[in-house]
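To start, the structure itself, in structure tokens.
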Ligand code: IMP
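In the numbering used here, the protein residues as written are 124 to 317.
Structure, rendered in structure tokens:
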């Protein structure tokens with residue numbers, strides 16, 4: 124069966140195609156001829172994930188899934204959350220990290236979590252779309268200063284609970300075994316393989 128992943132991000136594509144194996148023919152936005160900017164206007168991570176999957180179903184009519192993710196920090200009322208990619212008003216990871224650290228100055232509660240939501244849309248036997256959501260939660264602490272050079276986004280300031288190193292000090296394989304995205308993806312793959 125063909126399944127479209129609403130992304131053109133090569134790294135995410137690799138991760139998902141490895142997890143899905145040969146059971147599905149994975150298509151990207153590029154493969155299905157979608158050059159549109161997918162809407163992300165709901166104000167929540169779960170809502171944006173659903174909105175992107177619905178867009179593909181409505182405009183292209185094929186089984187599909189989309190993901191959305193972000194960092195929620197307890198002491199900042201779950202900010203940056205859905206605004207994680209452009210928290211500082213830019214997409215610059217260094218500036219986004221700096222804004223988080225500045226907002227947390229003097230704050231002893233450093234609890235945070237990464238959240239990932241996959242939304243899958245498959246047709247039922249009569250062709251009507253059925254939606255399923257799969258969520259991964261990855262708890263940790265925000266460090267006082269960036270550590271490590273690997274990864275992307277907030278990885279240098281995110282210390283997963285129970286680990287001595289930030290995500291930017293881990294190998295990609297190590298991170299991909301425990302991350303929010305890996306957890307949500309595993310739930311979706313288990314559902315699809317059942
Ligand atoms: P998206 O779901 O790929 O659009 O991710 C939204 C934003 O959340 C990214 O631009 C990052 O700032 C942040 N983010 C999501 N997942 C991660 C992660 O695994 N490490 C670091 N930052 C992340």
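Idealized CB from N, CA, C, for every residue including glycine.
Cross-strand partners of residue i (DSSP beta bridge)
| i | result |
| --- | --- |
| residue 258 | 240 |
| residue 252 | 246 |
| residue 234 | 264 |
| residue 292 | Its beta-bridge partners do not exist; DSSP assigns none. |
| residue 76 | Since the displayed the chain opens at 124 and closes at 317, residue 76 lies outside it and no answer follows. |
| residue 195 | 203 and 236 |
| residue 227 | Partner(s): none; residue 227 has no beta bridge. |
| residue 143 | DSSP, once it has assigned bridges, lists no residue as partnering residue 143. |
| residue 269 | None; residue 269 has no bridge partner. |
| residue 150 | 127 |
| residue 281 | 265 |
| residue 189 | 242 |
Proximal residues to residue i (C-beta, below 7 Å), its chain only, five neighbours per side dropped
| i | result |
| --- | --- |
| residue 208 | 214 |
| residue 234 | 197 and 264 |
| residue 205 | 166, 167, 168, 171 and 193 |
Beta-carbon proximity list for residue i, same chain, < 8 Å, skipping 5 on both sides
| i | result |
| --- | --- |
| residue 140 | 149 |
| residue 271 | 278, 279, 288, 289, 290, 291, 292 and 293 |
| residue 79 | Summary: the structure shown does not reach residue 79, with the chain confined to residues 124 through 317, and so no result is reported for it. |
| residue 221 | 211 |
| residue 227 | 196, 198, 199, 233 and 265 |
Residues near residue i by beta carbon distance below 6 Å, same chain, minus five either side
| i | result |
| --- | --- |
| residue 173 | 242 |
| residue 302 | 261 |
| residue 175 | 129, 161 and 189 |
| residue 201 | 195 |
| residue 216 | 276 |
| residue 273 | 291 |
heavy atom of ligand 2 below 8 Å from residue i C-beta
| i | result |
| --- | --- |
| residue 164 | Ligands displayed in this structure: ligand 1; ligand 2 is not among them. |
*Just jot down, in chain order, the residues whose CB lies closer than 5 Å to any heavy atom of ligand 1.*
This criterion selects 191, 192, 193, 207, 208, 276, 277 and 278.
*Can you find at least 3 beta carbon pairs, one from the region 297-311 and one from the region 253-269, that sit closer than 8 Å?*
Yes, since at least three Cβ pairs between the region 297-311 and the region 253-269 fall closer than 8 Å, the two stretches touch.
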